[in-house]
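What follows is a short report on a single structure.
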Amino acid sequence: MAINTFSLLRNTSDENRKIHTYAWFGAFFPLSLAIIVGNSIALAVFLRKTFRVKKSNYLLVNLTLADLLVGVSYAILSLMSVLASYDIFSTDINRHGNLAIETTFLLLSVNASIYTLAVISVERVLAVFWPFHHRLAKRWHYLTAIGLVWILSLLPILKYTFPHINWWHYFFYYCLLMTVLIIIFISYLSIWIKMKFFTKFRHCRTIQENSKLTKTLFIVTVVSLGTWLPETIWESVATLQEIPETKVNGMLHSILPLLVISNSFWNVIVYSVRMPEFRRELRLVLCKYL
């Protein structure tokens, strides 16, 4: 994903590297800080008692943690890029340090965010189609799903640990990616059909609250996929064929990762706009610590 962006900076000539680095730093670092602050506050809100009593919010906590890790990863990479432009680190330390953060934390957090959205979509299906069984779900069901998300998020990183499985990595990753997208699409399509044509007692408070939460999580999913898919499609094309180095392609190398990282900030905005209980608890948190 964002690996090509950092490779582009490393491969730039010395006379232009500082200019590119500062431009990149000026775009990514402030957004990274906004993501860290926003998701830290969101995490504090979701960990309050009002949200802890609802087991469904465990998935939102996991999504917020993944978004927070995205911000931390980009902030560290931004600082390392600036320091590297002054040759503070040796070439090997700079290269291996960047690669470790990119492949371990960045890919892990981005993958975890997308896979969590798939789990959330399945959880919403259970809540809409089988509300009684959904209410009986135990804490360990959610914790198991969260554990599975992080295990699956680790698997694509094997490419960088075992280079000889390169072809297997791409096959597995894109199969997993297509599976996740299909799950999300089918889940929300079935929910829409169910709520549009087959839901009785539409004015029931429980049904209305469930419907509103589902719509909110659907918006989060659409925003996430809208910011993530362009970069994924670009990387897929780059994998299948060599893309010429032009000024436009160079801009895309920088803009698309910026679009990906912005998703981790937009989620907090969606929570604030769509969830009254989030806004209420957010005010309490801000009044307590500010």
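Taking the UniProt record's numbering, the leading residue of the sequence shown gets 1, the next gets one more, and so forth.
No residue lacks a Cβ here, since even glycine has one placed at the ideal position from N, Cα and C.
As assigned by DSSP and simplified to three states, the class of residue i
i	result
Phe-132	helix
Lys-138	coil
Leu-47	coil
Phe-198	coil
Gly-97	Residue placement at Gly-97 is flagged as unreliable, the pLDDT there being 48, under the threshold of 50; the coordinate-derived value follows with that caveat. Helix at Gly-97.
Ser-272	helix
Where the alpha helix (DSSP H) containing residue i begins and where it ends
i	result
Ser-56	Here Ser-56 belongs to no alpha helix (DSSP H), and DSSP marks it neither H nor E.
Leu-155	Where Leu-155 is concerned, there is no enclosing alpha helix (DSSP H), given that its DSSP letter is neither H nor E.
Leu-286	276-289
Expected contact under 8 Å - CB spacing of residue i and residue j to nearest Å
i	j	result
Ser-264	Val-82	Not a contact, Cβ separation roughly 21 Å.
Ser-32	Tyr-74	4 Å
Val-45	Glu-281	5 Å
Ile-183	Val-122	7 Å
Ala-27	Leu-252	Incorrect: roughly 14 Å between the Cβ atoms, too far for contact.
Ile-120	Ser-224	Not really, about 10 Å apart at Cβ, beyond 8 Å.
Val-125	Ile-191	6 Å
Leu-43	Leu-68	7 Å
Thr-179	Val-149	That pair is no contact at about 13 Å.
Given 8 Å, three or more beta-carbon pairs between the segment 136-154 and the segment 51-71: Segment contact: the segment 136-154 against the segment 51-71, three or more CB-CB distances shorter than 8 Å; contact assigned.
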